[in-house]
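Here the structure comes first, spelled out in structure tokens, and everything after it is commentary.
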Amino acid sequence: MALTREQIAIRVARELQDGFYVNLGIGIPTLVANYVPEGMEVMLQSENGLLGMGQFPTEDEIDADMINAGKQTVTTVTGASIFSSAESFAMIRGGHVDLTVLGAFEVDTSGNIASYMIPGKLIKGMGGAMDLVAGADNIIVTMTHASKHGESKLLTKCSLPLTGAGCIKKVLTDLAYIEIEDGAFILKERAPGVSVEEIVSKTEGKMIVPDHVPEMVF
Amino acid sequence: MSGFNKVVNSYDEAMAGLEDGMTVIAGGFGLCGIPENLIAQVKKMGTKDLTIVSNNCGVDGFGLGVLLEDRQVKKMVSSYVGENALFMQQLLAGELEVELTPQGTLAEKMRAGGAGIPAFYTATGYGTPVAEGKDVRDFKGRNYILEESITGDFAIVKGWKADKFGNVIYRHTAQNFNPMAATAGKITVVEVEEIVEPGELDPAHIHTPGIYVDRLIVGTFEKRIEQRTVRT
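If you read the sequences in order, they're chains A and B. If you count by this note's numbering, then the first sequence holds residues 1 to 218, one letter each, in order. If you count by this note's numbering, then the second sequence holds residues 1001 to 1232, one letter each, in order.
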């Protein structure tokens, strides 16, 4: 079975380490915050200028001046800090954030990522995504493996305008966990009950399949 | 005005001198920390052919979105413009130009502009459409693109508290782009919720020192919330 949104979040959360500063993109990446392992402390960075994002406020706590990068009302955790956009992106561009999780439309075997623009259709802008992919060393891309029409999103070469070039090394799809190395996708783990053959058939770019590909356990 | 007193008493006075074709840098992220009354004043003045530098363009009927209603904006320099139907309509009809700029690059362009730095190299955008036509240079084995800084004829800024000398403090995440915008205007106008006497704010807590501020006005704010999310 393909992973659910929650399972994708749970699998990403296994990459967290105690003391990590983490930036989570909009959508599935946001769910990762719900699965921080017990006893582990992580601090969430929101690129509008907040380190130490907390949960949504109660009705009584709502404050128009307290939002996250998704423009949602939020709270702060104990030990949080608030700063300007320039300071926020100095953290991001300076490589100070330990883990970045974001979504994408396509990735390719050169580590390129396309996530912000579908020409003629979607022209909303890149927000902070280009800064995040260029600035972070440790990035996990979460996405569905193929489109609703069955077209692979793991390609030899991205077809859409790039968000970043050569910056992606880890991809978690609903079918597999994959690393990108030396111009190929390396199949590291597969979703429970999903065969290697299915993953390979839904991957357009070159994929290397090790002798043993463990199943994820939930 | 006398000495260091930056206070003006009307929005007409606050935006006096704004002319067609000028560049205006605006603070704010989404609808958070936007100079909503200064934007309303620009709408009232009817100034045309403006270039607006701001992370977003408000929403339909609020924030910078109101400047689209009478076609006052020629060009937007923004990182994300997705919340606005009128914006998309004018963009697709070719009536509005947009320069999509990565959010961190936009913040740095303002910061650099205000600090007298004409351009800087960044890895952000290398190999993407943002890099088109820009100088590329290798530093220590990695490619960077040259980005030019931004200054504006006006900067419009929303603060929380300021003293009469224009020393400003922002509240929570309403800070966002405001401190950089404040440094990058030939004329910087700040509107705040409260003006106090010099000496009442702790000098070490000032976000924007008064040297950057030309005009200061106290206003009342709607502070509309874009995504109202609560836990139950």
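Positions of the beta carbon are idealized from the N, C-alpha and C atoms, including for glycine.
For A:Gln45, the enclosing beta strand (DSSP E) starts and ends at Val42 to Ser46. Between B:Asp1060 and B:Leu1092, the gap from beta carbon to beta carbon reaches 8 Å or more.
Assigned with DSSP and collapsed to three states, B:Ile1206 falls in coil, not helix or strand. Flagged as an interface residue toward chain A: B:Gln1103, by a C-beta distance shorter than 8 Å.
Taking all protein chains in view, the Cβ of B:Ala1204 is surrounded by fewer than 16 other Cβ atoms within 10 Å, so the residue is classified as exposed. Judged by their CB atoms, A:Met53 and A:Val74 are nearer to each other than the 8 Å cut-off.
With a cutoff of 8 Å on beta-carbon distance, B:Gly1104 and A:Gly128 are scored as near each other. Of all residues in the region 78 to 89 of chain A, those with a C-beta nearer than 9 Å to a C-beta of chain B are Ile82, Phe83, Ser84, Ser85, Ala86, Glu87, Ser88 and Phe89, reading in chain order. In this model, B:Thr1047 and B:Ser1078 are separated by some 20 Å (Cα to Cα). By the neighbour-count criterion, in which a residue is buried when 16 or more other Cβ atoms sit within 10 angstroms of its Cβ, B:Ser1002 is exposed. Considering only beta carbons, the part of the region 127 to 155 of chain A lying closer than 9 Å to chain B consists of Gly127, Gly128, Ala129, Met130, Asp131, Leu132, Val133, Ala134 and Gly135, in chain order. Residue pairing by DSSP places B:Asp1163 opposite B:Val1196 in a beta bridge. Not flagged as an interface residue toward chain A: B:Glu1194, since no C-beta distance is shorter than 8 Å. For A:Glu47, the chain B residues whose C-beta falls within less than 7 Å of its own C-beta are Gln1103, listed in chain order. Apart from the 5 residues on each side of it in sequence, A:Ala134 sits with its Cβ closer than 8 Å to the Cβ of Arg93, Gly164 and Cys167 in its chain, given in chain order. Counting the other CB atoms within 10 Å of its CB gives B:Val1136 a total below 16, which places it among the exposed residues.
For A:Asn23, the enclosing beta strand (DSSP E) begins and ends at Phe20 to Leu24.
As computed with DSSP, A:Met207 is found in a beta bridge with A:Phe185. Taking 8 Å as the cut-off, the beta carbon of B:Asn1176 is found closer than this to the beta carbon of B:Gly1033.
In this structure A:Thr156 touches A:Thr109 by the C-beta definition: roughly 6 Å separates them, less than 8 Å.
About 4 Å separates the beta carbon of B:Ala1107 from that of A:Ser85, a gap short enough to meet the 8 Å contact definition.
The straight-line gap separating the alpha-carbon atoms of A:Leu99 and A:Val22 is approximately 5 Å. Shown here, B:Asn1009 sits in coil according to DSSP, grouped into three states, outside any helix or strand.
A:Met1 counts as exposed, since fewer than 16 other beta carbons sit within 10 angstroms of its beta carbon. Spatial neighbours of B:Glu1097 in its own chain (CB-CB distance under 6 Å, excluding positions within 5 residues in sequence) are listed in chain order as Lys1075. Here DSSP, grouped into helix, strand and coil, assigns B:Phe1029 to strand. Taking the beta carbon of A:Glu59 as reference, the chain B residues within 8 Å of it are Val1230, listed in sequence order. For B:Arg1215, the enclosing beta strand (DSSP E) starts and ends at Arg1215 to Val1218.
Taking C-beta atoms as the reference points, B:Glu1200 and B:Phe1221 fail to come closer than 8 Å.
The beta carbons of A:Ile140 and A:Leu162 sit about 18 Å from each other, so the pair does not count as a contact at 8 Å. Taken in chain order, the whole alpha helix (DSSP H) runs of length 4 or more contained in the region 1111 to 1186 of chain B are 1178 to 1183. B:Glu1147 counts as buried, since at least 16 other C-beta atoms from the protein chains shown sit within 10 angstroms of its C-beta.
Under DSSP, no beta-bridge partner is assigned to A:Asp63.
In the three-state scheme derived from DSSP, where H, G and I count as helix and E and B as strand, A:Leu99 is classed as strand. Boundaries of the beta strand (DSSP E) around A:Met143: Ile139 to Met143.
At a cut-off of 8 Å between beta-carbon atoms, A:Phe56 makes contact with chain B.
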